[in-house]
Every structure is written in structure tokens, then in C-alpha cells.
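*Asks:* Got a structure for you, questions after.
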Amino acid sequence: MKTTVRMKFTKKGRAKYISHLDLMRCFQRCIRRAELPIAYSEGFHPHMQIVFAAALSLGFESDYEVIELGLSEALSFDEVQSRMQAVLPDGIDVISCYEPKHKMGQIAYAEYDIILPCQDSEKLLLQWNEFISQEKIIVEKKTKRGFREMDLKELTECLSEETRENALVLKLRLPAGSTVNVNPALLVEEFRKNEQVLFDFPKYCRKKLLCNEKTEFF
Amino acid sequence: MKGLSAISILSKIEPLLLRVQKPSQYIGGETGSIVKDREKVRVSFAFCFPDTYEIGMSHLGMKILYGLINQREEFCCERVFAPDTDFEELMREQNIPLYALESLTPVADFDMIGFTLQYELAYTNILNMLDLAGIPIYAKDRGESLDKMIFAGGPCVCNPEPIADFFDFFILGEGEEVNLEVMDLYAQMKEKGASRSEFLCEAAKIEGIYVPSLYYVSYNENGTIKTVQPLENVPKIVRKRIIKDFDKVYYPDTFVVPFTEIVHDRSVVEVLRGCIRGCRFCQAGFIYRPFREKSPDTICSQAADLCRNTGYEELSLSSLSTSDHSEIDEMLTKLLEVTEEKRVSMSLPSLRVDNFSDALMEKIKRIRKSGLTFAPEAGTQRLRDVINKNVSDEEIMNTAEIAFSGGYFNVKLYFMMGLPTETDDDIAGIADIADRIIELFFKNPDRPRGKMVQVSVSIATFVPKPFTPFEFEPQATEEEVRHKQEHLVSSINPRNARRIKVSWHEFRISQLEGVLARGDRKLSDVIYEAWKNGSRFDSWSDRFKWECWEAAFEKCGIAPEFYASRRRDYDEIMPGDHLNYMVDKSFLIREHKKALRAETTQHCRKNCSGCGVNREVGRSCF
């Protein structure tokens, strides 16, 4: 009996330096190690039936990565989870396995936590508020067909800002669909263009994937 | 740079990793990697590969010793590779010392630091890695404390003299037993509070351990070696180690599986060690003697373990000549059962031309389709007899024919240039073979339609290596090589020229390899100067800088030609003559004389050629 299982997992610590392409290869090998009854495509070069929901930028952490596994025979969600958990590298942990609810194409938004390490987080917050309350934030985005202008202002939803002793923590919601997709690093680097704005190596973590209606993607 | 903890290394490299190519190679954490609590181990060992991650991680010897040492609870073994130039620049700029991948601990905080010497052109990388680690480059500058013991093993250790000044000791031969012995000794002496020289004197008593500082080398006026004198109570001749029961020797049941792609990204089972062929140019064919093989059952169970534990989709067999396994048919049949069931594809390098059978070809055809690689090595039968590459013209053509009727249309041929006694006719013979292979393709009625036959001819410049019958021979000079290259190009049949692709190695790289392979201790300073001048990654033709070496030779007053293009007398003392690799010098001389007469020597299974290894091991090889 062919079944499809979705698996939600984290990508943290050292694992954040695994590129998307390398992650695909890593999962293929982990699936072999776990001896899951994975389904293969037909044809001369059969490949595993696995699909990742949304690619994550190199260097980002995530609490919300999703992979879909096609299985050639039914296996309980618990069994898939425990077998995969046993073979995955450090930093990649299975959160849950479940039946697919939405189509992959329904993914429209992602939420991120962004940590900006700094000396004076109150000052940085003021600068951020000033930056984000501009009427327009126009950036050039590299596309396959050259450069395209994009207004980040209208695409960015600020969910919260929090000042910590040595950091400013931003929660943002940005488009992450197949038509419009905004990398938060684009916004952060635009913010940093102001010479007065001082912060260290920023840390990103994807917290959620959302559907069009801004409900959680499952 | 010293005293940085693992946590501070992590915080220092994190901001840099996204600025370099393939960052996952610098952060560890791969599945199969073994991270131990360093507080709880008695001896820590940093295993250094003097090239980049993608090359070092492909190396089988490192996988074996890594697994072997980590099996012992009281030892830890961590991996270290040469950072690529982009990351090196950032490391130097930010004062980040070279660190090991498992615990991200600085290399300088390890007890023992071992390098594997796979090719001579990695020597400047060793110096660079020591420098990045903050460790004195010359062994004499390392003081009397026991830590940071720098040593090396691997094939180049059969003549370690050019790098003798940088190392505390060398390990000769196979490492599975002696590495543990020397670590056990280190553990004892560390707990006793011994000094560096006390440890080295004790270590030199272990068979296979060579401590270069305990041997004094004197030279004749003409620059050749006069004597090699042991200074302490150490063996006059150091003998290499071998594993007697190869079928039972430790083999890892899993590998560290990298995230980023590496050169050989697959499971590998070592099927045999040594080689029965005795090709006279081939160092591996002599220094890895005697011939030993694993049983098909052992090979199959090791293959099954690796496939299951690594998750690799591809399996390869490692040896000098897989088709010389006495039970090759049974082995391949059983292996194919394992791999087909597990959806693992199999690749078979090192298959010799002359013993391809139809039946074996059938099995291989099930495995791969894209192309075939043969190594005739020389263009005429006469020259193949000189080098004892016992492949006949007919056999080359037969193999090509089987290949073509099996649906192959790409053939890759490996040759050498500058072999002893080589003439222009031998060079023209290379073009002739390529030409006849193409003609053969068009004669085959079943040839694949719409596909163009392509013969790639890859030409290496012959480098005479120690412990081979050609160790007495001069290496071809630049003028000679240039003439041969021109002659080859002009010998190619213009009708088929577009179907023949010829490539060769850069002369200066081969020449440098030749210098270092047969060099003596006077070269240590040259290597040091070349590194100071900016040399590293010398085996990469796009990074090799001859001018750095040229200036180094000049500064040290040394002519590379003295080492590369000088004929040696039979009674000259070679730099590695105090090292015993189990083949007699008298045998090498005998083989050299036969070579000059174009006489072949039968392979070991047919007829023992009396190389001396059976006497050293104390039993006959077959």
C-alpha cells in the first residue's frame, strides 16, 4: 500500500551549514540507513520519492522544515519518526510525522526570528522602527533574468520586536511562496546599509511555514 | 593563538563560514563522525590529511585508522584537513588556529599529530598546516615536552628524507597494528612524565618506527650520500610493518559520510593488498608487497555492513588490481547479489586489460555503461616489455572490441612519456594505438548509432620512484619531454584527430615530484623556502607556482636536476636505503638489467621472482 508521510524537522547548530542540495543527499542516505520502505520513481534511473517543502538559505536555522516521503508500504508515523531520528545528523531532529493536509504549492509565508547582536539594543530598536516605518523600502533583487526592483515595505509584516541585553530580536513574516519569496537577509542587509546601524553577525531561524490564509502549513 | 577553546573556535568561525565555499567542510558534525569527551581519553590524536576536505575525505587509509583508533575507548582520533585558500585567508586574518573537526579543538592541543603522505606534492601543505596550528615547523624547535608529537605514515614515507627535518618520527608500512602500539607507548610515557627525546628513543625500538633525528647523514663531495649512522641504540635498518592475516584485519563497518560532495563519495571495500604484477615503474607494486587478499565472504559482509551503515548508494572496490583476486568471479557474483537487493550501484576501478573475460565483461556490463579506462602505459610492445607491463597489442585490441560490442563508445587510455629506453617510435606507437581503436570501432557492425567514438589519451610524465627497478634512472628533461609531446601530436592520423583527445601533465610538476621522490635531507630547507614563498597545493596545476620553487632551489644552492635527471650507480647509497621495504636491492638491480634488455618477468602467482619479501615475512606468498 503506497502512502505519503510528511515529516517536520529542525535544522540547527552545525546542520545549518548543510546546503539545500547537500541536505537532499543527506536525507537520501539517512532513509537508506533507516531502511524505510521508500518508494522509487519508475523509469531508467529510479529516484526516491521525496519532496522538500521549501528550501532554506544556507546558514539559517529552522524549527519548521518539512519533507514528504513516499512509502511503498504503510508504516506508522511513530515508526517513521523513531527510525529517522536514530540516523539523522546532529541538529536535525524530527518534530512530528503526519498525514499531508495542504498541497506543497499552498505555502505562501514564512515566519522568522532574527537575532541582531549589538551593544545598545534600545538604540538599535529605535533605528529599526525608523527604518521599517519608511513609506517604501526599495531593493534590487537578483532574478534569473537580471535584476528586479521590489518594495520590501509592503511585503514585510513585523510581528514583534524585543530588546535583550546584547541583542535585538525581530519576529517577521515574509512571503515564501513560489511566486513571491523574500529572504529576510535582504531586509536586514538593507537595514545595515545605514552606517549608524551597528550590529554583529545576524542569526536567522525559520519558525513557521504558513498557507495563504496565514494558517499553519501541514 | 594557543589556548582557544572549542566554543571560542565555533564562535570565531561562525561569522566566516558563509563567506567561503562549501562551509560544511569546516564544521564537522557529519554522520559517522565520533566525538569523544577529551577529558576522558588518555591520548588524543589529530589525523591530518595535507590536502582539502574533498580529497582527504576520499582517502581509504584515513577511514580505516580513524575507525580503528576510535574503537579504543582510551584514545580519540579527530580529522584535520588543509583549509582551502579562501578560508585560510580568513583564518589568518582572524587569528583562528587550525582545528580538528570533531571537537573543534585546536590541533596544537593534541598529544599526537599524524599526517598521511600520499603524494610528494603535498609537502608544502604540511608546513602550512603546522604553521596554521601554531606549531614550530622544524622538529628541532619543538622543545622537550611530550605533546604535539608530529609524525607521518603512508607511501611517501618510503623516502621521507626530504621532510625528515619537520617530523619527530615516521611509521613505515601498514598502520593497523603499529599505530596502536605507538599510542600505547605514548600513553604510558605521558603518565610517567617522560620527555620528548625519551619517548622517541623508546618508540624507535618498535618495529616500523623511524626517528630521523637519531640518524646522522653524511655526504660525499659530489653531493651523494656517504653514510647514514644511527646515533643511539636504534636499529641500523628500519623495517616496514605488514599485516600478516589480511582477511582478519580491522575494517570499519561505517564511514564518516560528508554533507558536501567529495571526490570518491561512496562505500569502499578493500579487496586485496600488494600486487602480483611487478610493473617496473610502479612504486605501489613493490612497496605494498606481499600480495594478500580477503575472502569473498569477508568482502561481502564488509560491503553489506558499509551499505547499511553509511546509506551510500554506490559501492566501489579498492586494490591495485581487482581482477587479480583469485576468486574474482565468485566475489563479483556474491557482491552483485548484495548490491542489487539494496539498490546500490557498483563501480570497479583498477581492472586490468589483459584478463577481461567475456563472462566477467557480462557482469560488468550490468553495472556501468558510460566508458572504459585502460592503461597500456607505453605505445609499443618493446617498451611495454621494458616496463614489464605485460599487456600485448592483441589484448588491448581484444578488450576494446569487447568494450565496443558491449555498447561502450568512450575509451580512456593512460600512457607515460619519458620511460627508460623510450624512442620516437614508442611515442608514435601511442598515436597508433588510439588510431587503431577508432578504426576498430567503425568495423564493428553492432556499434551504437548516432554516438561518436572518443578516445582520450592521458599522458603522464614518468617519475622514477624509490624502491622500484627504475630508481637508478634519470627523469626526462624539459627539452626531451617537449620533443616527445610534439612528436606525439604530429604522429596522430589527421583523419581521426578530432576523435582523439590528448592531455598531459605539466612538466614542472612532474619534475618536482621526481626531485622530492628521490631527494635527501638537503631538500628540507628548499621545501621550507618554497612554502615561505607561497607554495601550497602544488599538485593542483592551477595553483602550482614554479617560480616559488625556482627561487627556493636557488636560495639553497641546490639544482633540481641533481635529483631528477641524474643516473644513479647501482652502488650509490639511496636516501631511503636504511629503510627496509622487504624487496631486496639486488632484486631491483636484477629487474633493472632485465628492463634494459626488454625482458619481462612473470607475475608472482606464475613464478616467484625472488624479490625477498617471502624471506622477510617468513613464508611463501602463495
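From first to last, the protein sequence lines are chains Z and F.
Each residue of the first sequence is one higher than the one before, starting from 6 at the first, in the numbering used here.
Each residue of the second sequence is one higher than the one before, starting from 754 at the first, in the numbering used here.
Just so you know, even glycine gets a beta-carbon here, dropped at the ideal spot from N, CA and C.
Take residue 1211/F as the anchor and find which of 1267/F, 1133/F, 1238/F, 952/F has the nearest alpha-carbon.
*Replies:* When each option's Cα is compared against that of residue 1211/F, the closest is 1238/F.
*Asks:* Please state the DSSP three-state secondary structure of residue 954/F.
*Replies:* The answer is helix: DSSP assigns residue 954/F an H, G or I state.
*Asks:* Name the chain F residues that come within less than 7 Å of residue 123/Z, Cβ to Cβ?
*Replies:* Residues of chain F passing the Cβ test: none, with the nearest at roughly 14 Å.
*Asks:* Reducing DSSP to helix, strand and coil, say where residue 1031/F ends up.
*Replies:* Coil, per DSSP.
*Asks:* Look at the alpha carbon of residue 801/F and the alpha carbon of residue 927/F, and state the distance between them as a whole number of angstroms.
*Replies:* Near 17 Å, if we compare the C-alpha coordinates of residue 927/F and residue 801/F.
*Asks:* Please list, in chain order, the chain F residues whose beta carbon lies closer than 7 Å to that of residue 22/Z.
*Replies:* What residue 22/Z touches in chain F: 770, 776, 777, 780.
*Asks:* Note down, in chain order, every chain F residue with its Cβ under 8 Å from the Cβ of residue 95/Z.
*Replies:* Neighbours of residue 95/Z on chain F, chain order: 782.
*Asks:* Which chain F residues sit within Cβ distance under 7 Å of residue 35/Z?
*Replies:* Those are 1064, listed as they occur along chain F.
*Asks:* So the alpha helix (DSSP H) residue 762/F belongs to, where does it begin and stop?
*Replies:* Here the alpha helix (DSSP H) through residue 762/F covers 759 to 770.
*Asks:* In the DSSP assignment, the beta strand (DSSP E) including residue 1149/F goes from what residue to what residue?
*Replies:* Looking at the DSSP string, residue 1149/F is not in any beta strand (DSSP E); the run it does join, the alpha helix (DSSP H), is 1146 to 1158.
*Asks:* In angstroms with no decimal places, state the Cα-to-Cα distance between residue 808/F and residue 1292/F.
*Replies:* Each residue's alpha carbon lies about 12 Å from the other.
*Asks:* At 3 residues or longer, what runs of the beta strand (DSSP E) sit wholly inside the region 917 to 988 of chain F?
*Replies:* The region 917 to 988 of chain F contains these whole beta strand (DSSP E) runs: 922 to 924, 968 to 972, 978 to 983.
*Asks:* Nearest CA to the CA of residue 790/F: which residue from 1018/F, 1125/F, 828/F?
*Replies:* When only C-alpha atoms are compared, the closest one is 828/F.
*Asks:* Just to confirm my understanding: we take residue 1312/F, look at its own chain, exclude 5 residues before and 5 after, and list those with CB closer than 8 Å. What are they?
*Replies:* Excluding sequence neighbours, residue 1312/F sits near 1306.
*Asks:* Kindly indicate which three-state DSSP category residue 1041/F falls into: helix, strand or coil?
*Replies:* Here residue 1041/F sits in coil by DSSP.
*Asks:* Where does residue 1106/F sit, in a helix, a strand or coil, going by DSSP?
*Replies:* Note that residue 1106/F scores 47 on pLDDT, short of 50, meaning its location in the model is unreliable; the coordinates nonetheless yield the value given after this. Residue state, collapsed to three classes: coil.
*Asks:* Below 8 Å between beta carbons: does that hold for residue 1016/F and residue 811/F?
*Replies:* It is a contact, given that the beta carbons lie within the stated cut-off.
*Asks:* The region 40 to 65 of chain Z: which residues have C-beta closer than 7 Å to a C-beta of chain A, in chain order?
*Replies:* The structure shown contains no chain A; its protein chains are Z and F.
*Asks:* If I'm right that residue 39/Z touches residue 79/Z with Cβ under 8 Å, what's the distance once you round it to whole angstroms?
*Replies:* Incorrect: roughly 16 Å between the Cβ atoms, too far for contact.
*Asks:* Please report the distance separating the alpha-carbon of residue 89/Z from that of residue 943/F.
*Replies:* Rounded to the nearest angstrom, the two C-alpha atoms are 42 Å apart.
*Asks:* Could you tell me whether any Cβ in chain Z is nearer than 8 Å to the Cβ of residue 1024/F?
*Replies:* Not an interface residue.
*Asks:* Return the chain-ordered list of same chain residues with a C-beta closer than 8 Å to the C-beta of residue 223/Z, the five sequence neighbours on each side being excluded.
*Replies:* Cβ neighbours of residue 223/Z beyond the five flanking positions: 11, 103, 105, 106, 107.
*Asks:* Count the other CB atoms within 10 Å of the CB of residue 66/Z; is the residue buried (16 or more) or exposed (fewer)?
*Replies:* Residue 66/Z should be labelled buried.
*Asks:* In the DSSP assignment, what are the bridge partners of residue 1329/F?
*Replies:* DSSP, once it has assigned bridges, lists no residue as partnering residue 1329/F.
*Asks:* Taking C-beta pairs closer than 8 Å, name the residues in chain Z that residue 1234/F reaches, listed in chain order.
*Replies:* Under the 8 Å cutoff, chain Z gives no residues; its nearest Cβ is about 41 Å from residue 1234/F.
*Asks:* Quick one: what does DSSP say residue 1374/F is sitting in, helix, strand or coil?
*Replies:* Three-state result, residue 1374/F: coil.
*Asks:* Between residue 1011/F and residue 783/F, how many whole angstroms is the CB-CB distance? I'm expecting something under 8 Å.
*Replies:* Their Cβ separation, rounded to whole angstroms, is 5 Å, which keeps residue 1011/F and residue 783/F in contact under 8 Å.
*Asks:* Should residue 191/Z and residue 112/Z be called a contact, given that it needs their Cβ atoms to be closer than 8 Å?
*Replies:* Contact: no.
*Asks:* Run through the DSSP bridge pairs and tell me what residue 1257/F is partnered with.
*Replies:* Paired residues: 1212/F.
*Asks:* Using three-state DSSP, classify residue 836/F as helix, strand or coil.
*Replies:* If DSSP states are grouped into helix, strand and coil, residue 836/F belongs with coil.
*Asks:* So the candidates are 1348/F, 1063/F, 1316/F; which of them puts its Cα closest to the Cα of residue 1033/F?
*Replies:* With distances taken between Cα atoms, residue 1033/F lies closest to 1348/F.
*Asks:* Inspect the beta-carbon positions of residue 1166/F and residue 1186/F and report whether they are closer than 8 Å.
*Replies:* Yes, Cβ-Cβ distance for residue 1166/F and residue 1186/F is below 8 Å.
*Asks:* In the DSSP assignment, find the unbroken alpha helix (DSSP H) run with residue 128/Z in it and report its ends.
*Replies:* 126 to 137 is the span of the alpha helix (DSSP H), which, as asked, contains residue 128/Z.
*Asks:* CB-CB under 8 Å to residue 819/F, same chain, minus the five flanking residues each way: which ones, in chain order?
*Replies:* 787, 800, 830, 832, 1005, 1009.
*Asks:* Please work out which residues of its chain come closer than 6 Å, Cβ to Cβ, to residue 17/Z, disregarding the five sequence neighbours upstream and downstream, and give them in chain order.
*Replies:* If we look at residue 17/Z and ignore the five residues flanking it on each side, its Cβ neighbours are 66, 96.
*Asks:* Nearest-angstrom Cα distance between residue 1095/F and residue 1047/F?
*Replies:* Cα to Cα, residue 1095/F sits roughly 22 Å from residue 1047/F.
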